[in-house]
Amino acid sequence: MFNKILIANRGEIACRIIRTAKKLGILSVAVYSDADKNAMHVEAADEAVYIGPSPASESYLVAEKILAAAKITGAQAIHPGYGFLSENADFCKLCEQDNIAFIGPPAKSIAAMGSKSAAKTIMETANVPLVPGYHGDNQDPEELKRIADNMGYPILLKAAAGGGGRGMRPVYDEKQFLQSLTEAKRESLSSFGDDHMLMEKYLAKPRHVEVQVFCDKKGQGVYLFDRDCSVQRRHQKVIEEAPAPNLSDVLRKNMGEAAVRAAQVIDYVGAGTVEFLVEKNADGKEHFYFMEMNTRLQVEHPITEMITGQDLVEWQLRIAAGEDLPLQQDQLQVRGHAFESRIYAEDPKQNFCPSTGKLIHLQAPFEDINTRVDTGVRQGDMVSGFYDPMIAKLVTWDKDRTSALKRMYKALGDYQVVGVTTNIDLLKRIASSTAFRDADVDNNFIETHSDILFKDIENQSNADIALAAFYLILRRQQRRQMMSQLETHSPWQLVDNWRLNQPQVHRGSLTIDKVSYDIEAEQVSQNGVECYLLRFSDTEFTISGHLDGSTIWADIDGYRISASVVEQSDFLFTLIGRNTHLDFILDSPDMGDDQQDEAGKGCAAPMNGRILEVFVAPDQRVNKGDNLIIMEAMKMEHTITAPYTGVVESVLCNADELVDGGSELVVIRNTEDNS
Ligand code: ADP
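To convert, count from 1 in the sequence shown and add 8; that's my numbering.
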């Protein structure tokens, strides 16, 4: 076995590999770019080597830099993780030349699967079923069209060198064919420098089912069962599960054996995944068809680990070091069911656009034998625009599918992320949808169910709004107490100046999702308990409770609830509890803290954001409370008003401008004091 390995990757997968290396007593070397100087994987490794600027093309993708790092640290092997150089046959060859073990298959196996056409030809010889179609050399457009016409539409055009869905076009009838071929070829040429095309029958409702295989250097192969990854967005997996539900034992076994044949025919070594499409044909029976083989460890390998009880990274290391397969096929069995949710910093409502920024607050669910969190970030880290914005892989396991899915839903509700937008709400909606619960999945799942998955929340829960308002009241009370403690040590000063038995009413307003709520809070005593009657939007709540650090404990009309509040700035707060994630803006200082009230009187931007409208100009007279500026931050509008009556001296921002939190926007000469 190796004494020291280098991990040519970053983030969660680097941390994952380091964990197994530690378990086996192997030293690990991390590599890092500028953006990753303080990253978790660097801290977790025994040694770390700087490999250059943040863009991956100048660091993680530069083979020479990785090899140089391995040489100076004396690493005997390189684990490429997934992505980056993991399926680069040239990099694998360079490792072989430098006598450094590549923890993966030999270069020729990677190369054999590099072209979809060549891979299909090889699979044919190994008797692995293919989607009917054409993957020959003839690329004459008229000839391709003739073949497509004979196959019958719809067909799918695919770039032989393709990946990530690029160079792929469905064609629904013969009239579209030549135009689509031109487009697909053009896209393929610009993405991969090659425009060789193949064609497949376009399956209407296929499922994506893949098989985990392992081979050792003696040519022995096993499969560690299957995973269903049908729930995808833009060809990227969203929730995976193992084993794939609702497959007959015969189909499962045939698919597993076909996957091992596929690996053995290309002299495969190590971990690989053979991806299949599974579809019911007109005969009502399910059939499987080879799609492609990924010659590396997959992102979703943890669910296979959960159902087999095996450490796949350990298997990879043992095999790369020349050991035999740790177990034979008859020693492997499926235990229970597992799900993986990919927690991403992205906005599903903005076409899954990545959301970058600082992870101001990050709390993962509690890990135990049923729940696992694979991550590469901590609270306070940045999600940068340079790399994949995955925050974590959340994995749950239980003895059956229903119980494992329940655990997933609960764990998603316990995941707290503030600072970036995430897909957690979408994941929860998928996990709780009837179709997913019934395992009624195919590759079009997200599009088919988009009405329920992306529906806006029409009404914020009034109880959450009450809780947010109550937090501000308690916070104000707490700060007042602290102030009076500082001012005098007399215990009589500790109480707030609100008097019992004499109702006191506070008014204030909060903005949530661009809606402003005017809130009235009346302090009363009920059965000896100090509480508030909170009124807004024609509702009234009786609320009592206390604040413990950033956690609020409340009783709302007899319903006990607790939540955490993260203060993103003096004005912007996030309330997070089980199934609650509410950003709210304190509009009126009356509900806030006295000191903040003063601070809030400036005309500075309360947080980073964009100016929407400017209402004032230099020399204009303004009265206290007049609207000066509307800005947008965290997808909410915030109005900045004049803190006192005066004359505008200067306006320091323009509409549409991006401004930093705290920067001065308008300067007003106070005329109140002189009057
Ligand atoms: P890429 O390598 O570009 O990701 P794949 O061949 O892996 O391309 O296919 C990507 C996705 O496209 C699959 O996960 C599946 O959803 C869909 N797909 C691929 N081939 C077919 C087909 N013949 N019929 C229907 N859908 C397909």
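Every residue gets a Cβ at the ideal spot worked out from N, C-alpha and C, and that includes glycine.
Contact test: residue i Cβ vs ligand 1 heavy atom, cutoff 7 angstroms
i      : result
Leu152 : no
Gly122 : no
Arg350 : no
Pro356 : no
Met639 : no
Glu686 : Any property of residue 686 remains undetermined from this structure, which presents the chain solely from 9 to 683.
Leu138 : no
Met176 : yes
Lys166 : yes
Pro214 : yes
Leu402 : no
Asn616 : no
Met205 : no
Gln105 : no
Met685 : The displayed coordinates of the chain run from 9 to 683. Any statement about residue 685 would go beyond what the structure contains.
Gln240 : yes
Leu211 : yes
Buried versus exposed call for residue i [16 or more other C-beta atoms within 10 Å across all chains shown]
i      : result
Asn107 : exposed
Gln424 : buried
Pro149 : exposed
Arg586 : exposed
His554 : exposed
Phe185 : buried
Ala571 : buried
Phe394 : buried
Ser41  : buried
Ser683 : Any reading at Ser683 is ruled out, since the residue's pLDDT is 46, under 50, leaving its predicted position unreliable.
Leu666 : exposed
Lys128 : buried
Glu680 : exposed
Gln324 : buried
DSSP beta-bridge partners of residue i
i      : result
Arg483 : Paired residue(s): none; Arg483 is not in a bridge.
Lys63  : Here residue 63 is Pro; the residue named in the question, Lys, does not match the sequence. DSSP output for Pro63 lists no bridge partner at all.
Ala561 : The identity of residue 561 in the sequence shown is Trp, whereas the question assumes Ala. Trp561 pairs with His554, Ser570.
Arg629 : Val655
Cys237 : Cys237 is not bridged to any residue.
Asp203 : Looking at the DSSP assignment, Asp203 forms no beta bridge with any residue, so it has no partner.
Val365 : For clarity, residue 365 is Gly in the given sequence; the question names Val instead. BP columns for Gly365 point to Val391.
Phe374 : Its beta-bridge partners do not exist; DSSP assigns none.
Asp382 : Lys401
Arg409 : BP columns for Arg409 are empty, so no partner.
Residue range of the alpha helix (DSSP H) that includes residue i
i      : result
Leu102 : 97-105
Gln272 : 257-273
Ile315 : 309-316
Phe444 : 442-445
Pro149 : 149-159
Val27  : Contrary to the premise, residue 27 reads as Arg rather than Val in this sequence. 19-31 is the span of the alpha helix (DSSP H), which, as asked, contains Arg27.
Ser684 : Beyond the ends of the chain as shown, which are 9 and 683, falls residue 684; an answer cannot be given.
Val221 : Note, Val221: premise wrong, no alpha helix (DSSP H); beta strand (DSSP E) at 215-223.
His49  : 48-52
Delimiting residues of the beta strand (DSSP E) encompassing residue i
i      : result
Asn302 : 294-302
Ser533 : 523-534
Ile584 : 580-585
Thr456 : Unbroken run through Thr456 is the alpha helix (DSSP H), 453-456; no beta strand (DSSP E).
Gln512 : 512-520
Tyr540 : 537-544
Ile637 : 635-641
Tyr590 : One point to set straight first is that residue 590 is Leu, not Tyr, in the sequence displayed. 588-594 is the extent of the beta strand (DSSP E) around Leu590.
Thr429 : Taken as a continuous stretch (DSSP letters only), Thr429 belongs to no beta strand (DSSP E), as it is neither H nor E.
Lys166 : 163-167
Ile247 : 244-250
Distance between beta carbons of residue j and residue i, contact taken as under 8 angstroms
i      : j      : result
Tyr68  : Arg27  : About 20 angstroms separates the two Cβ atoms, so there is no contact after all.
Phe298 : Val282 : 7 angstroms
Ala167 : Met205 : 6 angstroms
Val622 : Asn662 : 7 angstroms
Val8   : Ile15  : Residue 8 falls outside the range modelled here, since the chain spans only 9 to 683, and no answer is possible.
Ser349 : Leu435 : 5 angstroms
Leu211 : Leu285 : 6 angstroms
Pro140 : Gly278 : No, Pro140 and Gly278 are not in contact; Cβ-Cβ is about 31 angstroms, not under 8 angstroms.
Glu218 : Arg235 : 5 angstroms
Chain B contact for residue i (CB, 8 angstroms cutoff)
i      : result
Pro214 : The structure shown has no chain B; it contains just one protein chain.
Contact test: residue i Cβ vs ligand 3 heavy atom, cutoff 7 angstroms
i     : result
Asn96 : In the structure shown, ligand 3 is absent; the only ligands present are ligand 1.
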